[in-house]
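Heads up, the thing below is written out as structure tokens.
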Amino acid sequence: MQIGKEEIEHVAKLARLEISEAEREAFSQQLSSILTYMEKLKPVNTDEVEPTATVLEQTNVFREDKARACLPVEKALANAPESEAGHFQVPRILEDR
Amino acid sequence: MVLHKLTLRELQDKLTQGEVSAREIVHAYYLRISQVEPKIKAYITQAVDSARAQAEALDQKLKNWRRTMPLMGMPLAIKDNICTEGVLTTCASRMLGTFVPPYDATVIARLRGQGYLLLGKTNLDEFAMGSSTENSAFGPSRNPWNLGYVPGGSSGGSAAAVAADECVAALGSDTGGSIRQPAACCGVVGLKPTYGRVSRYGLVAFASSLDQIGPITKDVADAAVLLNVIAGHDPQDSTSADVSVPDYTRALKKKDVKKLKIGVPREYFAEGLDPEVEQAVRAALDQLNELGGEIIDVSLPMTGVAIATYYVIATAEASSNLARYDGVKYGLRSKQAKDLLEMYMKTRQEGFGPEVKRRIMLGTYTLSAGYYEAYYGKAQAVRTLIRRDFDAAFQEVDLIVTPVMPTPAFKLGEKIEDPLQMYLSDIYTISVNLAGIPAISLPCGFSKVGLPIGLQILGRPFQEETVLRAAYAYEQATNWRTRRPTIR
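Same order as they appear, the protein sequences are chains C and H.
The opening position of the first sequence corresponds to residue 362 in the working numbering, with each subsequent residue numbered one higher.
The opening position of the second sequence corresponds to residue 3 in the working numbering, with each subsequent residue numbered one higher.
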């Protein structure tokens with residue numbers, strides 16, 4: 362299994378992760394060897410085997426739709442890199458008209 | 003009186019008898035920490051002021067108060083991926099370098115309800131991804147038995163703190179062995195409960211279908227005491243199981259394993275297992291046999307594909323869970339970005355270390371269009387087969403006994419350049435997480451160079467009692483726990 366540098370670049374974009382040229386090189390090698398190792402799974406016969414997403418027996422967990430105490434705004438914003446007027450602040454998304 | 007050498011139960015007795023105050027306990031532990039911490043580096047944050055204040059308040063209460071609580075005045079260390087309100091919780095990542103949680107994890111609320119004292123937050127591999135604590139953004143912790151060796155990981159700080167007497171007990175988290183493996187490396191006891199036994203609310207998510215919180219302690223009885231406090235249903239965690247919680251300390255009455263069938267999986271005693279480790283584990287099996295257990299050969303045929311299965315599932319879940327670190331609501335935000343997309347890309351570039359990036363890349367790749375079925379879908383199906391292996395084995399036996407890791411602790415720097423080699427050292431612990439079953443790690447010997455060797459005991463889902471019973475019987479019949487590291 363070979364993962365080329367272009368494919369690494371594509372995956373990094375999907376992951377919203379900027380990577381350096383050195384990382385591109387390293388990830389290309391490391392992911393190739395790890396994914397080659399993972400090819401061990403291919404020959405395992407899994408026809409008609411249900412996938413396991415969770416080991417728990419329970420299916421849906423519901424609670425009553427009742428309002429409960431929640432974090433006050435100041436506390437919820439306390440860790441925000443930037444905030445203003447009770448909101449999380451982010452770089453401008455919309456262009457000026 | 004050397005307080006830091008005592009077990010949790012011994013220290014608790016001294017406090018309730020009025021022989022020591024909570025203030026003296028806190029003082030004694032920070033003194034110990036100041037002596038050995040420069041060498042061990044188990045802690046990321048020491049909560050000195052709040053621990054002192056809590057201790058003062060507790061001593062005031064104790065003046066005219068006869069109530070006792072299981073953890074009253076007990077100085078604990080908490081892995082730094084478990085949220086503690088008002089106390090820095092970094093996950094050993096630059097991404098959360100200044101993150102102060104606005105709430106307590108459920109396990110922390112439960113410990114607080116029983117009067118515990120938070121000494122500090124312990125080191126780990128960044129976001130619990132690793133087997134050595136070398137992936138910490140704040141530098142590795144050291145093995146108290148030999149400072150040139152890793153303490154294991156990812157809960158290496160918690161295990162090293164317990165082994166070096168820098169706390170009376172600790173909490174860790176275990177996604178693929180992260181409680182049991184460092185416990186084995188450091189010669190202490192580590193218990194991973196059944197998936198769903200302990201609430202994950204407030205545990206910073208790595209791989210949600212595998213993560214579980216558990217105790218790291220000086221002996222088996224202390225693990226039972228802590229499990230009593232943290233186990234139980236929590237409406238805040240939809241994956242927490244609504245299964246009644248027994249008094250786990252009652253499992254410690256028998257001191258034998260009579261009428262228990264103990265399985266030995268032949269696939270675990272194969273190529274790659276260090277002879278010293280094999281010898282120690284086989285001797286432990288003889289001991290369990292003498293204590294009344296019937297030793298039976300069992301097979302777990304899927305063992306050979308467990309690591310591949312685990313690293314597909316764990317990295318896929320991690321890539322999804324770690325998408326939340328976008329520089330908006332908490333954590334780091336890059337100052338170099340000009341627009342929103344750049345803010346995401348650069349924040350994540352600057353905030354994550356190499357192993358976390360590698361796992362995000364792997365997980366993103368295996369979940370991406372065209373590969374999902376071949377990797378993630380396949381791994382989930384193989385996970386079913388791995389669970390069936392255990393179901394079949396537990397039809398025949400009550401417990402399964404194995405090594406914790408193929409070798410004793412390895413040297414710092416030995417595996418860090420080769421991620422696949424690091425992953426392969428998890429061979430004996432990861433299947434337990436894939437199957438969701440409970441398992442304990444406890445000392446069963448030492449290598450020739452004086453490094454601890456761990457014994458792993460696996461049980462049926464929600465059968466922590468049986469696991470603890472066997473572990474306690476073995477521990478009491480042997481003297482390993484009396485051997486303590488000399489830190490130099």
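Beta carbons: idealized from backbone N, C-alpha and C, even for Gly.
Please read all numbers here as calculations on a predicted model, not as lab measurements.
When the distance is taken between beta carbons, is residue 389(C) closer than 8 angstroms to residue 364(C)? Looking up residue 364(C) in the first sequence gives position 3. Looking up residue 389(C) in the first sequence gives position 28. Yes, Cβ-Cβ distance for residue 364(C) and residue 389(C) is below 8 angstroms.
Can you list the residues of chain H that residue 401(C) reaches, using a CB-CB cut of under 8 angstroms? Within the first sequence, residue 401(C) is the residue found at index 40, counting from 1. The contacting residues are 306, 307, 310.
Is the region 432-441 of chain H touching the region 141-151 of chain H, taking contact as three or more C-beta pairs under 8 angstroms? no
What residue range is occupied by the uninterrupted alpha helix (DSSP H) comprising residue 389(C)? For this step, residue 389(C) is matched to residue 28 along the first sequence. Run containing residue 389(C): 382-399, per the alpha helix (DSSP H) assignment.
Could you name the residues of chain C that residue 379(H) contacts, counting a contact when the two beta carbons are closer than 7 angstroms? On the second sequence, residue 379(H) is found 377 positions in, with the first residue counted as 1. In chain order: 412.
Using alpha carbons as the reference points, say which of 75(H), 54(H), 55(H) lies closest to residue 64(H). Translated into positions along the second sequence, residue 64(H) becomes position 62. Cα-wise, what sits closest to residue 64(H) is 75(H).
Taking the DSSP output, what are the residues bridged to residue 48(H)? As a working note, residue 48(H) is residue 46 in the second sequence. The bridge partners DSSP lists for residue 48(H) are 122(H).
For a test of the three-state rule: what should DSSP assign to residue 456(H), helix, strand or coil? Translated into the one-based positions of the second sequence, residue 456(H) becomes position 454. In the structure shown, residue 456(H) sits in a strand (DSSP, three-state: E or B).
Inspect the beta-carbon positions of residue 405(H) and residue 430(H) and report whether they are closer than 8 angstroms. The residue labelled residue 405(H) in the question sits at position 403 within the second sequence. The residue labelled residue 430(H) in the question sits at position 428 within the second sequence. Yes, these two residues count as a Cβ contact at 8 angstroms.
Should the region 439-459 of chain H be called in touch with the region 5-15 of chain H, which here means at least 3 C-beta pairs below 8 angstroms? no
Would a C-beta distance cut-off of 8 angstroms place residue 167(H) and residue 304(H) closer than the cut-off? Sequence index remark: in the second sequence, residue 167(H) carries index 165 (1-based). Sequence index remark: in the second sequence, residue 304(H) carries index 302 (1-based). Cβ atoms of residue 167(H) and residue 304(H): not closer than 8 angstroms.
In three-state DSSP terms, what is residue 327(H)? In the second sequence, residue 327(H) corresponds to position 325, counting from 1. Coil at residue 327(H), not helix or strand.
Hey, would you say residue 223(H) sits closer than 8 angstroms to residue 173(H), going by beta carbons? Against the second sequence, residue 223(H) aligns to sequence position 221. Against the second sequence, residue 173(H) aligns to sequence position 171. Contact: no.
Residue 415(H): buried (16+ other C-beta within 10 angstroms of its C-beta) or exposed? Here residue 415(H) corresponds to residue number 413 of the second sequence, with the count starting at 1. Under this definition residue 415(H) is an exposed residue.
Sequence-distant residues of its chain with Cβ nearer than 7 angstroms to residue 38(H) (five each side left out): Within the second sequence, numbered from 1, the residue matching residue 38(H) stands at position 36. Correct list, in chain order: 166, 168, 489.
At least three beta-carbon pairs within less than 8 angstroms, the region 90-98 of chain H to the region 27-35 of chain H: no
N- and C-terminal bounds of the alpha helix (DSSP H) containing residue 195(H): Walking along the second sequence from the start, residue 195(H) turns up at place 193. Neither: residue 195(H) is in no alpha helix (DSSP H) and is coded neither H nor E.
Quick check: the Cα distance between residue 191(H) and residue 73(H), rounded to an integer number of angstroms? Numbered from 1 along the second sequence, position 189 holds the residue referred to as residue 191(H). Numbered from 1 along the second sequence, position 71 holds the residue referred to as residue 73(H). Take the alpha-carbon of residue 191(H) and the one of residue 73(H): they are about 18 angstroms apart.
Within 8 angstroms (strictly less), CB to CB, does residue 439(C) reach chain H? Here residue 439(C) is taken as the residue at index 78 of the first sequence, counted from 1. Interface residue, yes.
On the CB-based measure, 16 or more other CB atoms within 10 Å of its CB, does residue 21(H) come out buried or exposed? Here residue 21(H) refers to the residue found at position 19 of the second sequence. Flag for residue 21(H) reads exposed.
Could you please give me the residues that DSSP links to residue 317(H) through a beta bridge? Residue 317(H) sits at position 315 when you count from the first residue of the second sequence. In DSSP, residue 317(H) forms no bridge with anything.
Would you mind sorting residue 306(H) into buried or exposed? The rule is 16 or more other CB atoms within 10 Å of its CB. Position 304 of the second sequence, counting from 1, holds the residue named residue 306(H). Result: exposed.
Going by other Cβ atoms of all chains shown within 10 Å of its Cβ, with 16 needed for buried, is residue 51(H) buried or exposed? As a position in the second sequence, residue 51(H) is number 49, starting the count at 1. Result: exposed.
Amino acids of chain C, ordered along the chain, whose beta-carbon sits closer than 9 angstroms to that of residue 331(H): Walking along the second sequence from the start, residue 331(H) turns up at place 329. Within 9 angstroms Cβ-Cβ: 437, 438, 440, 441, 442, 449.
If I'm right that residue 459(H) touches residue 472(H) with Cβ under 8 angstroms, what's the distance once you round it to whole angstroms? Within the second sequence, the letter at position 457 stands for residue 459(H). Within the second sequence, the letter at position 470 stands for residue 472(H). Residue 459(H) to residue 472(H), Cβ: 5 angstroms. Contact.
Endpoints, alpha helix (DSSP H) assigned at residue 266(H): Within the second sequence, residue 266(H) is the residue found at index 264, counting from 1. From DSSP, residue 266(H) is part of no alpha helix (DSSP H) but of the beta strand (DSSP E) over 263-267.
Under 8 angstroms between C-beta atoms, does residue 284(H) make it to chain C? As a first step, residue 284(H) is located in the second sequence; it is residue number 282 there, counting from the start. It does not: the Cβ of residue 284(H) has no partner Cβ on chain C nearer than 8 angstroms.
Mind checking which residues open and close the alpha helix (DSSP H) that includes residue 551(H)? Residue numbering for chain H in the displayed model covers 3 to 490; residue 551(H) lies beyond these limits and cannot be assessed.
In this structure, does DSSP put residue 8(H) in helix, strand or coil? To locate residue 8(H), count along the second sequence from 1; it is residue 6. If DSSP states are grouped into helix, strand and coil, residue 8(H) belongs with coil.
How about residue 389(C): is its C-beta nearer than 8 angstroms to some C-beta of chain H? Walking along the first sequence from the start, residue 389(C) turns up at place 28. Not closer than 8 angstroms to any Cβ of chain H, the Cβ of residue 389(C) fails to qualify, so no.
Where residue 345(H) meets chain C, residues with beta-carbon distance less than 9 angstroms: Residue 345(H) sits at position 343 when you count from the first residue of the second sequence. Near residue 345(H) (Cβ distances below 9 angstroms), the residues of chain C are 451, 452.
Quick check on residue 448(C): does DSSP put it in helix, strand or coil? Position 87 of the first sequence, counting from 1, holds the residue named residue 448(C). Residue 448(C) falls in the strand class under three-state DSSP.
Please confirm if residue 130(H) has its CB atom under 8 angstroms from at least one CB of chain C. Counting from 1 along the second sequence, the entry for residue 130(H) is found at position 128. With 8 angstroms as the cut-off, residue 130(H) does not count as an interface residue toward chain C.
Compare the C-beta of residue 363(H) with all C-beta atoms of chain C and state if any pair is closer than 8 angstroms. For this step, residue 363(H) is matched to residue 361 along the second sequence. Yes - at least one Cβ of chain C is within 8 angstroms of the one on residue 363(H).
Tell me whether the region 94-111 of chain H and the region 129-143 of chain H touch, counting them as touching only if at least three CB pairs, one residue from each stretch, are closer than 8 angstroms. Taking 8 angstroms as the limit for Cβ pairs, the verdict is that the region 129-143 of chain H does touch the region 94-111 of chain H.
In terms of residue numbering, what span does the alpha helix (DSSP H) encompassing residue 289(H) cover? The residue you call residue 289(H) lines up with position 287 of the second sequence. From DSSP, the alpha helix (DSSP H) with residue 289(H) extends over 277-292.
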